[in-house]
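Participant:
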């Protein structure tokens, strides 16, 4: 049983950090928000949204006690300050590109978290937004569902694909994103820089989404940060499906990348296989070469 001893909670927000020592395990989430509002001297027209855990996940049931919400003494929470207004301002007056890959929102800064430029960038993006140990997730799912993931779907024999996808330099794509969405019970929105198209894996099935950006040959993650230069452990990467603000900000950010041509035309770009020096054109050639040879080291050249 929890005692009535007070809990110390750190609360990160856009202006810095505060420490609360008033809450107890029996304090409700609503009361915690009131403590935060008081500590930050918020106006009556401002509300608080809180998230906790790793990656930070919104805590929305105001009736839960801190104990039943899974919060413990010494935990760190993220707080977003929301203006309580009845009308939503126009997109152009609420979203502002600060610099490449950063869009200012009323609740923070939507930030492109750039992954290492290697064939594991998709897995790093999902690792950043959801979880790790991802290649095993893919291999296990394909192995357990031969009807969905047939040789024809995978473009090569299943056993060969399972072996290939577990290699650290093998890249992933739509097949892997669909599996991750189902495995983690979350919608994954992949935004294509060249076209602005949003591919929604798990659309309509879940309450939350994560956002990644695809530049043709590379995936990066999107995160909401409290300040422009805040470290990644302050990031929020899971968002409610109903949060259209963050989706609009994502489109704005990607529009900025497109205008600066920060994408690769995968149908026409030229590659060289570093393992056999074969010249290749486009993503299709690269995939066929990888399937036929098992080679995974490619570099782009003009």
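In the UniProt record's numbering, the protein residues as written are 1 to 302. Using N, Cα and C, we set each Cβ at its ideal position, and we do this for glycine too.
Straight-line CA distance for residue 34 to residue 82?
Facilitator: When rounded, the distance between both Cα atoms is 14 angstroms.
Participant: Quick check: the Cα distance between residue 171 and residue 11, rounded to an integer number of angstroms?
Facilitator: Taking the straight line from one Cα to the other gives about 38 angstroms.
Participant: Can you check whether the CB of residue 298 is closer than 8 angstroms to the CB of residue 273?
Facilitator: Their beta carbons are under 8 angstroms apart, which means residue 273 touches residue 298 by this criterion.
Participant: Just the C-alpha distance for residue 138 and residue 210, rounded to the nearest angstrom, thanks.
Facilitator: Using only the alpha carbons, I get a separation of about 18 angstroms.
Participant: Check the C-beta distance from residue 238 over to residue 57 and give it rounded, since I have them as a contact under 8 angstroms.
Facilitator: Rounded, the Cβ-Cβ distance is 5 angstroms, consistent with contact.
Participant: Is there contact between the region 249-264 and the region 115-126, where contact requires at least three CB pairs shorter than 8 angstroms?
Facilitator: Not touching, per the Cβ criterion.
Participant: If you follow the beta strand (DSSP E) that residue 127 is in, where does it begin and where does it stop?
Facilitator: Residue 127 -> not in any beta strand (DSSP E); alpha helix (DSSP H) instead, spanning 121-129.
Participant: Using the C-alpha atoms, what's the distance from residue 234 back to residue 3?
Facilitator: Only weak support exists for where residue 3 lies, its pLDDT of 46 falling under 50; the value from the coordinates is given anyway. Going by the C-alpha atoms only, they are around 30 angstroms apart.
Participant: Assuming the contact rule is C-beta atoms closer than 8 angstroms, residue 184 and residue 130 should be a hit. Round their C-beta distance to whole Å, please.
Facilitator: Residue 184 to residue 130, Cβ: 5 angstroms. Contact.
Participant: Could you compute how far the alpha carbon of residue 140 sits from the alpha carbon of residue 99?
Facilitator: In a straight line, the C-alpha of residue 140 is about 41 angstroms away from that of residue 99.
Participant: Here's a check: name, in chain order, each residue in its chain whose Cβ is nearer than 6 angstroms to the Cβ of residue 166, leaving out the five neighbours to either side.
Facilitator: So the list reads 135 and 139, once near-sequence residues are dropped.
Participant: Would the region 99-113 count as touching the region 250-259 if we require 3 or more Cβ pairs under 8 angstroms?
Facilitator: Yes, since at least three Cβ pairs between the region 99-113 and the region 250-259 fall closer than 8 angstroms, the two stretches touch.
Participant: Go through the UniProt domain "OTU" (110-225) residue by residue and report every complete run of the beta strand (DSSP E) that reaches 3 residues or more, in order.
Facilitator: Those beta strand (DSSP E) runs which fall completely within the UniProt domain "OTU" (110-225) and span 3+ residues are 187-192, 198-201, 208-214 and 219-225.
Participant: Count the other CB atoms, across all protein chains shown, that sit within 10 Å of the CB of residue 96; report buried if there are 16 or more and exposed otherwise.
Facilitator: Classification for residue 96: exposed.
Participant: Using only alpha-carbon positions, find the residue among 225, 268, 78 and 265 that is nearest to residue 110.
Facilitator: If we check each option's Cα against that of residue 110, 225 comes out closest.
Participant: From which residue to which residue does the alpha helix (DSSP H) around residue 293 run?
Facilitator: From DSSP, the alpha helix (DSSP H) with residue 293 extends over 282-293.
Participant: Less than 8 angstroms separating the beta-carbons of residue 222 and residue 201?
Facilitator: Going by C-beta atoms, residue 222 is not nearer than 8 angstroms to residue 201.
Participant: Given a threshold of 16 other Cβ atoms within 10 Å of its Cβ, counted over all protein chains shown, does residue 236 qualify as buried or as exposed?
Facilitator: By the 10 Å Cβ count, residue 236 comes out buried.
Participant: Pull up the distance between the alpha-carbon of residue 350 and that of residue 301, whole angstroms please.
Facilitator: The structure shown does not extend to residue 350, since the chain spans only 1 to 302, so no value can be given for it.
Participant: Would residue 23 and residue 64 qualify as a contact pair, given that the criterion is a beta-carbon distance under 8 angstroms?
Facilitator: Cβ atoms of residue 23 and residue 64: not closer than 8 angstroms.
Participant: Helix, strand or coil: which one does DSSP assign to residue 228?
Facilitator: Here residue 228 sits in coil by DSSP.
Participant: Under the three-state reduction of DSSP, which class applies to residue 36: helix, strand or coil?
Facilitator: Helix.
Participant: Between which residues of its own chain and residue 294 is the CB-CB distance below 7 angstroms, once the five residues before and five after are set aside?
Facilitator: Once the five neighbours on either side are set aside, the close Cβ partners of residue 294 are 164.
Participant: Excluding the 5 residues preceding and the 5 following residue 174 in the sequence, name in chain order all residues of the same chain whose CB lies nearer than 6 angstroms to its CB.
Facilitator: Counting only Cβ-Cβ distances below 6 angstroms, and skipping sequence neighbours, we find nothing.
Participant: Select from 38, 80, 182 and 289 the residue whose C-alpha is nearest the C-alpha of residue 278.
Facilitator: Nearest of 38, 80, 182 and 289 to residue 278, Cα basis: 289.
Participant: Quick one: grab the DSSP three-state call for residue 13.
Facilitator: Strand.
Participant: State the Cα-Cα distance for the pair residue 291 and residue 53, rounded to the nearest angstrom.
Facilitator: Distance between the alpha carbons of residue 291 and residue 53: 39 angstroms.
Participant: Going by beta-carbon coordinates alone, are residue 36 and residue 61 separated by less than 8 angstroms?
Facilitator: No, they are not a contact pair.
Participant: Exposed or buried, what is residue 25 when buried is set at 16 or more other beta-carbons lying within 10 Å of its beta-carbon?
Facilitator: Counting Cβ neighbours within 10 Å, residue 25 comes out buried, since at least 16 surround it.
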